[in-house]
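2 protein chains.
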Amino acid sequence: MRRGGELERPAIAYETWGDLSPSRDNAVLLFTGLSPSAHASSSPEDPAPGWWEEMVGPSRPIDTGRYFVICINSLGSCFGSTGPATTDPTTGEPYRLSFPVLTLEDVASAGKALLDHLGVDRLDAVVGASMGGMTALVFAMQFSGSARSLLLISSAMRSRPFAIALRSLQREMIRRDPAWHDGNYPLGEGPVTGMRLARKLGMITYRSAKEWEQRFGRERVAEERQSGNPFALDFEIEAYLEAHARKFTGQYDANCYLYLSRAMDLFDVAEHGGTLAAGLATVDAERTMIIGVTSDYLFPVEQQRHLADELKSVGVTVDYQELDSIQGHDSFLVDMDRFRPTVQSFFSTD
Amino acid sequence: MRRGGELERPAIAYETWGDLSPSRDNAVLLFTGLSPSAHASSSPEDPAPGWWEEMVGPSRPIDTGRYFVICINSLGSCFGSTGPATTDPTTGEPYRLSFPVLTLEDVASAGKALLDHLGVDRLDAVVGASMGGMTALVFAMQFSGSARSLLLISSAMRSRPFAIALRSLQREMIRRDPAWHDGNYPLGEGPVTGMRLARKLGMITYRSAKEWEQRFGRERVAEERQSGNPFALDFEIEAYLEAHARKFTGQYDANCYLYLSRAMDLFDVAEHGGTLAAGLATVDAERTMIIGVTSDYLFPVEQQRHLADELKSVGVTVDYQELDSIQGHDSFLVDMDRFRPTVQSFFSTD
């Protein structure tokens, strides 16, 4: 592990779609954001819709008729990959907080180990959005020559203090929940209230004020859903956040969330060589697309432009796309009308 | 009270600076944001610096050599005015959650009652920023003719769902703290953790990403302040928020915070007459200045422009000022280089 410690026989959960070509040159690797599993799209083995269902599939922008698409569950997550919630083989107990400090470099290295296992020397493309974009970027830096092209969506070269502050507060909400028990909650249970609060703050930072103004305005919840408690749900926006937060808790392990959240804070391309340019200098993708969203205030367009400019400055060919979606940081998951053609154009260029 | 219930013999704490002229036409009333007391500036009776020290005083922009300046502690707050933390004379117990639903209209009415007590029929100006701006606006609507001019800073005609979501989450952090005890904590103690978390989220929404990028970047706290806990304070921005949050808790009563926070959510000029224009139609100030800050994302400039445009549409003379401060919603408290001359220009115009 980059910051010390090691994992014995770590597992990496992944899913694939499509077939690897005989020349093994049509693989596309997807790194995910903080919360998704490797289930990016439905498949005969698992027909449930994936987290990027409309983007990944036959004749979809990431065309599984043409590409061998791989999505991994990040190292440190809790959907099959080794993380704080899995058993440490050296003790027979869950790692919990004995899990080593996690970095996105480690998550990227796990991706490389998977490619070695699959016999893929060079990807056609490595793709990621949000935390996945940061991971894809550092993958391209650490494993120079391993990817022909690079698609980064709403990502960053480093975390800014504003985003660190928000994530630090989310982690504190979880850690202050008495049910966290310093990380020693019974697995599968844990700090439900802290996770609910953290998820609500997440939702607030993933969307945009403009979207909510259009969707919810000052609509009130129906009378029968109002409890009479003056501080309970009254506005529709409050009911919306509550519904989303309830869906999330129970699905995600709290310690895994803490580790991956902190990994994003720690990320800084300039740790590789002392400056951003030095860090990026090892990127040798033939071409790169950077996509930013104007309403994203967590990973704002200034960061996307900065990333595009720095990559150009080290000689990388960059196609910079700025999209006017109103759904903020989450736009890549929901504004398919804008994202589908843009991602499509990346994959139809040679 | 606007939403039902009544208060018996409510107290309103206030401070004044300067002298009321013989013709009683030089009074300026300040409504405050959510957290300040009536101590806007130092005085012989209380030499501690006030929350708007550089703005209010002799030869300062709100010139106490010229004006009789009054600042009130909002009804529902906990610095001398009646609120959830004071004793209900009908029961001899603190009101706590039996306090009636509070609205900014009630806060404005308390201001009018104070003016009646002081023998001021017509103010030279009513002034407010943030929640105080919303209160000053509804004061001018409800008590048409009571103010010759109106200065509103970083305020709003109604709360948008984005701001409601943030405040709802802050309230939930407080209410989920077991020490809140459904509002029945021992006064002076209470939900310290919930208040700390809520204050941190407040700080995040009151400043701007750009300011923090410039002030903190990715600076780390000194080694000796790092605890070894991977989730404890590591970045300077985390230490900064912690220090501010600790200062706040203990000062502010949790139930008062909940009531005033909700009062902001409930505020909507359109409740007065059915539309924004109908609500504003009773404003008869001779002139109005609206100040917005480009980096404010809690009360964004779009809301300030909208307010200015709506006021113009009902025939009010509006001087709209947009300031390029980088300190976000809090700029009126800290960017004195921009705010002093702007407020000065409001008061030197006749």
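Going down the list, the sequences are from chains A and B.
Take 1138 as the starting number for the first sequence in my numbering and just add one per residue.
Take 1138 as the starting number for the second sequence in my numbering and just add one per residue.
Here a beta-carbon is modelled for each residue, glycine too, at the ideal position from N, C-alpha and C.
- The C-beta separation of Met1332/A from Tyr1389/A comes to about 7 Å, placing the pair in contact by the 8 Å criterion.
- For Phe1216/B, the closest of Asp1474/B, Val1453/B, Cys1393/B, Lys1449/B by C-alpha to C-alpha distance is Cys1393/B.
- Its Cα nearest to that of Pro1159/A, the residue Leu1255/A stands out among Leu1255/A, Ala1316/A, Ile1290/A.
- Cβ-Cβ distances below 6 Å link Val1275/A to Leu1241, Glu1242, Ala1245 in the same chain, with the five nearest sequence neighbours on each side left out; the list follows chain order.
- In this structure, Ile1199/A lies away from Tyr1151/A, with their beta-carbon atoms at least 9 Å apart.
- A Cβ of chain A is located within less than 9 Å of the beta carbon of Glu1309/B.
- Annotation: Ala1414/B to Gly1452/B spans about 10 Å, alpha carbon to alpha carbon.
- Using a Cβ-Cβ cut-off of 9 Å, Asp1433/A does not count as an interface residue toward chain B, since no Cβ of chain B sits closer than that to its own.
- For Pro1173/B, no CB of chain A lies under 9 Å from its own CB, so it is not counted at the interface with that chain.
- Thr1227/A is classed as exposed because its beta carbon has fewer than 16 other beta carbons within 10 Å across all chains shown.
- Chain A has a Cβ within less than 9 Å of the Cβ of Thr1330/B.
- Interface annotation for the region 1182-1205 of chain B against chain A: empty, criterion Cβ-Cβ distance under 8 Å.
- For Thr1272/B, there is no enclosing beta strand (DSSP E); the residue is found in the alpha helix (DSSP H) stretching over 1268-1279.
- Chain-order list of chain B residues neighbouring Trp1349/A: Arg1297, Pro1298, Phe1299, Ala1302, by C-beta distance under 8 Å.
- Within the same chain, Lys1337, Met1340, Ile1341 come within 8 Å of Leu1378/A by CB-CB distance, once the 5 residues on both sides are set aside.
- Straight across, the Cα-Cα distance linking Thr1224/A with Phe1368/A is about 41 Å.
- In this model, Ser1235/B and Glu1143/B are separated by some 11 Å (Cα to Cα).
- Counting C-beta pairs closer than 8 Å gives three or more between the region 1438-1450 of chain B and the region 1408-1425 of chain B, which meets the contact rule.
- For Trp1317/B, there is no enclosing beta strand (DSSP E), as DSSP gives it neither H nor E.
- Under a criterion of Cβ atoms nearer than 7 Å, the residues of chain A adjacent to Ser1305/B are, in order, Glu1375.
- In the structure shown, Gln1481/A falls within a helical segment according to DSSP collapsed to helix, strand and coil.
- Taking 9 Å as the cut-off, the beta carbon of Ser1218/A is found no closer than this to the beta carbon of Phe1168/A.
- If you draw a straight line from the Cα of Thr1201/B to the Cα of Leu1252/B, it is about 18 Å long.
- DSSP places Ser1286/B within a strand segment (E or B) once states are collapsed to three.
- With respect to chain A, the C-beta atom of Ile1463/B has no partner C-beta closer than 9 Å.
- For Val1206/B, the enclosing beta strand (DSSP E) stretches over residues 1205-1209.
- Within the same chain, Cβ atoms closer than 8 Å to the Cβ of Leu1306/B are found at Leu1338, the five residues on either side in sequence being excluded.
- Bridge pairing for Leu1460/A: Val1430/A [DSSP].
- Per DSSP, reduced to three states, the secondary structure at Trp1349/B is helical.
- Phe1436/B and Ala1335/A have their alpha carbons spaced roughly 23 Å apart.
- At least 9 Å separates the beta-carbon of Gln1458/A from that of Ser1345/A.
- Listed along chain B, the residues sitting closer than 9 Å to Leu1378/A by beta-carbon distance are Ala1302, Ser1305, Leu1306.
- In terms of Cβ geometry, Trp1189/A and Leu1470/A form a close pair [threshold 9 Å].
- For Lys1249/B, no Cβ of chain A is located within less than 9 Å of the residue's own Cβ.
- Contact annotation, Ala1391/A with Ile1311/A: C-beta distance approximately 5 Å; criterion of less than 8 Å satisfied.
- Following the DSSP letters along the chain, one finds Phe1469/A inside the alpha helix (DSSP H) bounded by residues 1468-1471.
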